[in-house]
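> One structure is given below, represented as structure tokens, and several questions about it will come after.
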């Protein structure tokens with residue numbers, strides 16, 4: 089539906105228009121009507137409408153003046169089409185309306201219902217065609233933008249190969265395609281990294297969509313300062329080339345940083361995307377440009393010591409030649425003690441000091457990650473010596489999470505998170521019963537959730553008297569055996585409802601219930617809701 093606003097100081101006219109015209113049948117809806125042109129103007133500067141139908145002769149502000157002010161008000165919500173109503177058949181008013189690109193000019197004295205309906209049919213056809221044209225233009229623009237981004241990416245990848253360095257015809261072709269002058273123009277090279285890349289890409293589903301989103305914001309900011317600033321995308325990062333004009337290096341540096349601060353701010357405000365940026369030295373010629381780009385990309389691992397969302401002046405980091413493992417045993421013992429004592433705040437404080445030490449020493453990033461990997465694995469091995477420690481949940485955690493960290497602060501957060509999980513596991517270990525028969529029973533239940541589990545069957549499995557087993561289980565765990573079985577089965581049911589599309593019938597069968605009705609009764613008693621309500625509530629909370 090196209091949205092219409094009516095403005096006429098004659099209330100009878102607006103009422104006639106609202107009641108007598110079949111707006112919905114013609115593809116329109118009246119969203120507001122006014123007898124006061126000033127009120128109408130205020131509304132139209134804050135709300136979008138597709139069609140404005142307005143009288144000319146009104147007090148305070150006539151229709152022509154209102155249309156003119158709306159056209160001049162770039163911040164206001166502009167109307168796409170205007171239809172002018174008038175008691176005047178003078179050429180002057182019609183001429184003014186046409187200058188403001190009014191769609192039609194109707195004399196009130198000859199205005200009939202059929203005439204307006206016919207006008208609306210014609211107007212809708214015009215608006216539909218306009219929308220189709222805009223849609224096609226947007227598609228073409230996106231296609232060209234995508235190709236342009238691919239072309240720029242290919243350019244960066246190609247100049248990293250020595251074979252094209254002295255190929256003048258290739259450079260000439262690139263200058264024409266990119267609209268750049270590499271032979272005489274000097275550039276400042278800037279390299280920006282997308283922070284928390286894996287979390288960010290999950291929100292955008294694809295790298296292409298993320299690049300498009302970033303490109304639109306960055307280009308909008310850059311064009312305010314210079315029309316020829318270029319952006320080149322590589323995966324997880326992008327390069328910006330700032331044309332250098334003049335010889336005042338201090339002024340150039342301030343301008344570059346000012347632009348980049350705005351880029352950082354806009355990306356964070358509009359996309360919730362954080363970037364870390366490195367500004368390289370100015371280059372004097374094409375050879376310097378390629379050398380600087382290569383050097384920045386080759387030293388990409390320096391980003392490990394940059395703070396997230398920061399803007400850095402590039403300086404080569406000279407990594408420490410000392411071994412990071414000199415006080416390694418002390419670190420393992422300290423963290424293990426804090427974990428066993430269940431002291432999360434002490435872990436946070438201790439890790440902060442260790443990370444500050446590593447930051448000041450500037451060990452090679454790969455060495456630091458290897459140190460972190462070994463640290464977690466050794467703590468896990470120490471904890472594994474504890475009875476009942478189950479390390480299956482940690483088997484893939486360390487290597488994946490630590491290898492993907494981008495900088496020191498993220499590494500600190502990751503190690504801290506893993507240590508907190510170790511603490512939670514220590515809590516679980518302490519809650520495990522010490523009676524061997526009870527542990528065997530719990531293990532039996534966990535591996536037979538798909539079956540009907542009874543107290544007698546489990547006692548028989550353990551070669552125990554059912555009454556004796558029931559008393560021992562209750563004493564060790566604080567809950568009855570049946571309560572324990574029900575709890576595990578209901579938690580499994582919730583897990584399956586969260587992660588699969590299994591039916592209630594299949595769910596009850598998979599968990600060893602004799603019939604669906606008993607499963608439903610048990611589930612509702614445990615969760616205070618039906619499986620259907622549980623799944624609905626879960627979906628609502630995640631949306």
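Residue numbers (my numbering): 89 to 631.
Glycine included, every Cβ here is placed at the ideal spot set by N, Cα and C.
If you're wondering where the values come from, they're calculated on a predicted model, not measured in any experiment.
According to DSSP, residue 116 sits in a beta bridge with which residue or residues?
Residue mapping note: residue 116 aligns to position 28 of the chain shown, counting from 1. DSSP output for residue 116 lists 90 as bridge partner(s).
> Hey, out of 394, 615 and 213, whose CA is closest to residue 497's CA?
As a first step, residue 497 must be located in the chain shown, where it is residue number 409. Of the candidates 394, 615 and 213, the one whose C-alpha sits nearest the C-alpha of residue 497 is 394.
> Who are residue 124's beta bridge partners in DSSP?
To locate residue 124, count along the chain shown from 1; it is residue 36. DSSP output for residue 124 lists no bridge partner at all.
> Would you tell me roughly how many angstroms separate the C-alpha atoms of residue 155 and residue 90, rounded to the nearest one?
On the chain shown, position 67 is the one that residue 155 refers to. On the chain shown, position 2 is the one that residue 90 refers to. Taking the straight line from one Cα to the other gives about 19 Å.
> Expressed to the nearest angstrom, what Euclidean distance is found between the alpha-carbon atoms of residue 463 and residue 494?
Position 375 of the chain shown, counting from 1, holds the residue named residue 463. Position 406 of the chain shown, counting from 1, holds the residue named residue 494. Approximately 18 Å between the Cα atoms of the pair.
> What is the DSSP secondary structure of residue 219, reduced to helix, strand or coil?
Counting from one through the chain shown, the residue named residue 219 turns up at place 131. Three-state result, residue 219: helix.
> So, is residue 122 buried or exposed, given that buried needs 16 or more other C-beta atoms within 10 angstroms?
Mapped onto the chain shown, residue 122 falls at position 34. So residue 122 counts as buried.
> Please report the Cβ distance between residue 244 and residue 320, rounded to the nearest whole angstrom; I am assuming they are in contact, meaning their Cβ atoms lie under 8 Å.
Within the chain shown, numbered from 1, the residue matching residue 244 stands at position 156. Within the chain shown, numbered from 1, the residue matching residue 320 stands at position 232. Contact flag correct, Cβ pair sits at about 5 Å.
> Contact defined as beta carbons within less than 8 Å: I believe residue 448 pairs with residue 396. What is the distance between those atoms, to the nearest angstrom?
Numbered from its first residue, the chain shown carries residue 448 at position 360. Numbered from its first residue, the chain shown carries residue 396 at position 308. Contact annotation, residue 448 with residue 396: C-beta distance approximately 19 Å; criterion of less than 8 Å not satisfied.
> Could you tell me the alpha carbon to alpha carbon distance between residue 534 and residue 604, rounded to whole angstroms?
As a first step, residue 534 must be located in the chain shown, where it is residue number 446. As a first step, residue 604 must be located in the chain shown, where it is residue number 516. Approximately 21 Å, taken between the alpha carbons.
> Taking the straight line between their C-alpha atoms, what separation do you get for residue 252 and residue 374?
In the chain shown, counting from the first residue as 1, residue 252 sits at position 164. In the chain shown, counting from the first residue as 1, residue 374 sits at position 286. When rounded, the distance between both Cα atoms is 12 Å.
> Decide if the stretch 579 to 590 is in contact with the stretch 543 to 562; the criterion is three or more beta carbon pairs, one per stretch, under 8 Å apart.
The stretch 543 to 562 and the stretch 579 to 590 do not touch, with fewer than three beta-carbon pairs separated by less than 8 Å.
> Under 8 Å between the Cβ atoms of residue 286 and residue 579?
In the chain shown, the residue the question calls residue 286 occupies position 198. In the chain shown, the residue the question calls residue 579 occupies position 491. Not closer than 8 Å, so no.
> Okay, do the stretch 301 to 319 and the stretch 346 to 366 touch, 3+ Cβ pairs below 8 Å being the bar?
yes
> Which whole-angstrom value is the C-beta distance of residue 577 and residue 599, which I expect to be below 8 Å?
Start at 1 with the first residue of the chain shown, and residue 577 comes out as number 489. Start at 1 with the first residue of the chain shown, and residue 599 comes out as number 511. Confirmed, Cβ separation roughly 5 Å.
> What is the rounded straight-line gap between the Cα of residue 370 and the Cα of residue 264?
Start at 1 with the first residue of the chain shown, and residue 370 comes out as number 282. Start at 1 with the first residue of the chain shown, and residue 264 comes out as number 176. Whole-angstrom Cα-Cα distance: 23 Å.
> Below 8 Å CB to CB, which residues in the same chain sit around residue 572 once its five sequence neighbours on both sides are set aside?
Residue 572 sits at position 484 when you count from the first residue of the chain shown. So the qualifying residues of the chain are 530, 533, 561 and 565.
> Between which residues of its own chain and residue 164 is the CB-CB distance below 8 Å, once the five residues before and five after are set aside?
Numbered from 1 along the chain shown, position 76 holds the residue referred to as residue 164. With a pLDDT of 47 at residue 164, under the threshold of 50, the modelled position of that residue is not reliable, and no figure is offered here.
> Using DSSP with H/G/I as helix, E/B as strand and the rest coil, what is residue 391?
If you number the chain shown from 1, residue 391 lands on position 303. In the structure shown, residue 391 sits in a helix (DSSP, three-state: H, G or I).
> Check this for me: beta carbons of residue 199 and residue 239, under 8 Å apart or not?
Taking the first residue of the chain shown as 1, we reach residue 199 at position 111. Taking the first residue of the chain shown as 1, we reach residue 239 at position 151. Against a cut-off of 8 Å, the Cβ pair of residue 239 and residue 199 comes out as no contact.
> Mark residue 299 as exposed unless 16 or more other C-beta atoms lie within 10 angstroms of its C-beta, in which case mark it buried.
Locating residue 299 in the chain shown gives position 211, where the first residue counts as 1. Classification of residue 299: buried, given that the 10 Å Cβ count is 16 or more.
> Pull up the distance between the alpha-carbon of residue 311 and that of residue 459, whole angstroms please.
Working through the chain shown from its first residue, we reach residue 311 at position 223. Working through the chain shown from its first residue, we reach residue 459 at position 371. If you take the alpha carbons of residue 311 and residue 459, they lie about 45 Å apart.
> Grab me the residues of residue 228's own chain with a C-beta within less than 6 Å of its C-beta, minus the 5 sequence neighbours each way, in chain order.
The sequence position of residue 228 within the chain shown is 140, counting from 1. The predicted model places residue 228 with a pLDDT of 48, which falls under 50 and marks its position as unreliable; any figure quoted below should be read in that light. Within the same chain, residue 228 has no close Cβ partners at all.
> For residue 594, I'd like the list of residues in its chain whose CB is within less than 6 Å of its CB, leaving aside the five on either flank, ordered along the chain.
To locate residue 594, count along the chain shown from 1; it is residue 506. Taking C-beta separations shorter than 6 Å and ignoring five residues to either side along the sequence, residue 594 has no partners in its chain.
> Spell out the partners DSSP gives residue 320 in its beta bridges.
Residue 320 sits at position 232 when you count from the first residue of the chain shown. Partner(s): 327.
> Could you please give me the residues that DSSP links to residue 193 through a beta bridge?
For the purposes of this step, residue 193 is taken as the residue at position 105 of the chain shown. 172, per the DSSP bridge assignment.
> For residue 275, which residues does DSSP report across the bridge?
Translated into positions along the chain shown, residue 275 becomes position 187. Residue 275 is bridged by DSSP to 331.
> Per DSSP, what kind of secondary structure is residue 493 in: helix, strand or coil?
Position 405 of the chain shown, counting from 1, holds the residue named residue 493. Residue 493 falls in the coil class under three-state DSSP.
> Over the uninterrupted alpha helix (DSSP H) stretch that includes residue 537, give me the two end residues.
Residue mapping note: residue 537 aligns to position 449 of the chain shown, counting from 1. According to the DSSP assignment, residue 537 belongs to no alpha helix (DSSP H), since it is labelled neither H nor E.
> Check this for me: beta carbons of residue 456 and residue 506, under 8 Å apart or not?
Start at 1 with the first residue of the chain shown, and residue 456 comes out as number 368. Start at 1 with the first residue of the chain shown, and residue 506 comes out as number 418. Taking 8 Å as the Cβ cut-off, residue 456 and residue 506 do not qualify as a contacting pair.
> Going by DSSP, what residue range makes up the beta strand (DSSP E) through residue 400?
Counted from its first residue, the chain shown places residue 400 at position 312. Looking at the DSSP string, the run of the beta strand (DSSP E) that includes residue 400 is 399 to 401.
> Would you call residue 267 buried or exposed, if buried means 16 or more other Cβ atoms sit within 10 Å of its Cβ?
Counting from 1 along the chain shown, the entry for residue 267 is found at position 179. Residue 267 is exposed by the Cβ-count criterion.
> Tell me where the beta strand (DSSP E) around residue 552 begins and ends.
As a first step, residue 552 must be located in the chain shown, where it is residue number 464. Counting along the chain, residue 552 falls outside any beta strand (DSSP E), and DSSP gives it neither H nor E.
> Taking the Cβ atom as the reference point for each residue, do residue 500 and residue 423 lie within a distance shorter than 8 Å?
Here residue 500 refers to the residue found at position 412 when the chain shown is read from its first residue. Here residue 423 refers to the residue found at position 335 when the chain shown is read from its first residue. No.
> Is the distance from the Cβ of residue 289 to the Cβ of residue 381 below 8 Å?
By one-based count along the chain shown, residue 289 stands at place 201. By one-based count along the chain shown, residue 381 stands at place 293. The answer is no: Cβ separation not under 8 Å.
> If we require 4 or more residues per run, which alpha helix (DSSP H) segments fall completely within the stretch 408 to 451?
416 to 428 and 432 to 449
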